[in-house]
Amino acid sequence: MRTLAPSRRARSGQAAVLIALSIFAMLLLLAMATNVGVVVNDKIRMQTTADAATYAAAYSEAASLNELVDLNKGIVDAVNQCRQVMQTGLVAGMWPETVPCGCQPNSIAAETAISVCKVNIDVAIGRFVARAPYNRTVGTALDAGEATANANFANSRVSFFSDIFGSPTFPGTYMLQGGFNIGPPVIFPSIADFRQVSDTAMNYMVLATCGSPPTCVPTPMLGRTTYMKTWFYKESRDPDVWVAGRVSGTPEKQFLDTAYRSGGSDGGFFGASSTGGDDEIYAYAVAKPYDGSVGPSELNGIQQNSNMVGPLGVYISRGTTYPKLSMYDEYRARLAGANENLEGTLTPDELIRLDGYRNGKMWDMDKFKH
Amino acid sequence: MRTRPAIPRLRRRLGQSAVETMLLMPLLVLVVIAMYYLWSIAWASQNAHLRAREYALHGDTYLGGRGNNESGSAPFSGTNYERADSTSFHFSGKSSDRSLPGVGARGEDIDVEVVITSD
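Protein chains in written order, with the numbering used here: chain A, 1 to 370; chain B, 371 to 489.
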């Protein structure tokens, strides 16, 4: 008669089977946990790389803006120097000239001084113009971003959002302003929208004394004005100059990992393959200069002198949109949050969404937050 | 003929599981040690990466004097990011960490350097 109790043979090895199964399960958990560790580690590396790359680009942009501010100040300095010259002339004797009747009163000395001033101002403008183009501002920044990405993450692919207003690859323009007695504007791509003040006025007064023939009527005071192009201002503070980038790729450096095959971005521990790029990790970061404007901007009440002939030799003329002479000169790059308000009304988050709409693609904003 | 004294069936069965468990226990312990060891490496690596990142960006301001860190230069002066002076720059931060030693295995050294450069 058979009993219900298992035989001794049947019972032997029961614990071994259970433990073997447990060990198998633990090995699976070990593999999973390790793979998660590797992925988290790679994610940190890629996020760091993205932050560093975009920061490098923003730093380069900030440095370019600082240089442009300094060069712009050089233009203002040249203008102020002319102002001093003209002022000295005024104080010294109002540029007295004896002019023939029938002619416009004209001081040769004053005109010579203005010509010299103009040359000096044009030299200063030339320095700004040489520094402002896209390849020396934005191009340099993108190179820095790429160099930084590759320094931290071999064979990484870095790209910057291409169509975001204010992003480095969405170029601004600088305009050699046309206008009154100047000619048509000339526009070049640059890091931001710069405009040139075109009607800075150089004024002087002439005490014209008529000589012969005696029929001339003495003209005690006549004004002469020469207009010229001078410094640049950023047309709008908004948006800030900022950088948004992403880094993708499969980390080449081995970390708890099997060897990567040459010619392919594969790897994986315990069979976690990344073949085909499906497992690539994307990381996003934003960086922007500390401030978003290159001056000058608004005039104050005194500077907003609409009188073309005043007590000094040089004026900013009647325009109402002209900038004040103070300039921002402390551009600093920093990392910014995706939801941080820029100087404008849009956050980086919203700008990137806008970029997505423009390009028919949607960025995964969750990957942007870190 | 002498027969072997009979061992009660129940007694023969007792200890069987214990023996099997004991035999497989080293394997079990090995797996646990491996988990601990790999976790430790992952932890150390992540720590090193995060610290190096902070060092590259903020220098000694955030992590001064803690751990095996080496600050190169950072664009931070203690209260704010510094003025960007040149389009040619090189900032870096290094951090190293060692995983906890496993049984019969020394800790793994993890060295990380984060670079922010124009070149």
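Quick reminder that beta carbons are idealized off the backbone N, C-alpha and C, glycines included.
In the same chain as Gly448(B), and ignoring 5 residues on each side of it, the C-beta atoms closer than 8 Å to its own belong to Thr431, in chain order.
With fewer than 16 neighbouring CB atoms inside 10 Å of its own CB, Ser458(B) falls in the exposed class. Taking 8 Å as the cut-off, the beta carbon of Ile108(A) is found no closer than this to the beta carbon of Thr230(A).
Not a single CB atom of chain A sits nearer than 8 Å to the CB of Ser465(B).
Taking C-beta atoms as the reference points, Asn152(A) and Thr49(A) count as a pair closer than 8 Å. Lys118(A): member of the alpha helix (DSSP H) spanning Ile108 to Arg131, first to last residue. Proximity to Ser190(A) across Phe128(A), Tyr331(A), Lys73(A) and Asp70(A) peaks at Phe128(A), based on C-alpha coordinates.
Residue environment for Pro445(B): buried (at least 16 other C-beta atoms within 10 angstroms of its C-beta). Here the stretch 460-468 of chain B makes contact with the stretch 417-428 of chain B; the two share three or more CB pairs at distances below 8 Å.
Restricting attention to Leu27(A), Asp42(A), Tyr59(A) and Ala31(A), the CA atom closest to the CA of Leu142(A) is found in Tyr59(A). By the neighbour-count criterion, in which 16 or more other beta carbons inside 10 Å mark a residue as buried, Ala25(A) falls on the exposed side. Put simply, the stretch 111-118 of chain A does not touch the stretch 33-48 of chain A. Fewer than three CB pairs are less than 8 Å apart.
The beta-carbon of His428(B) is placed no less than 8 Å from the nearest beta-carbon of chain A.
Straight-line spacing of the CA atoms in Ala78(A) and Asp70(A) works out to 12 Å. Beyond the five residues adjoining it in sequence on each side, Met405(B) comes within less than 8 Å, by CB distance, of no other residue in the same chain.
Rounded to whole angstroms, the gap between the alpha carbons of Asn35(A) and Ser22(A) is 20 Å. With respect to Ala124(A), Thr487(B) sits apart: the two C-beta atoms are not nearer than 8 Å. By the neighbour-count criterion, in which 16 or more other beta carbons inside 10 Å mark a residue as buried, Arg476(B) falls on the exposed side.
Nearest to His460(B) by alpha-carbon distance, out of Asn135(A), Ala52(A), Arg334(A) and Arg136(A), is Ala52(A). Secondary structure note for Arg195(A): it is in no alpha helix (DSSP H), and the uninterrupted beta strand (DSSP E) holding it is Phe194 to Gln196.
For Met26(A), the nearest CB of chain B lies under 8 Å from its own CB, placing it at the interface with that chain.
For Glu111(A), no Cβ of chain B is located within less than 8 Å of the residue's own Cβ. Taking a Cβ-Cβ threshold of 9 Å, the residues of chain B close to Thr148(A) are Val485, Ile486, Thr487 and Ser488, in chain order. When only Cα atoms are considered, Asn155(A) and Val243(A) end up about 21 Å apart. Taking 8 Å as the CB threshold, Ile191(A) stays off the interface with chain B.
Ranked by how close their Cα comes to the Cα of Ala336(A), the residues Tyr451(B), Ser415(B) and Pro471(B) have Tyr451(B) in first place. In summary, Leu29(A) is exposed, with fewer than 16 beta-carbon neighbours lying within 10 Å of its beta-carbon over all protein chains present.
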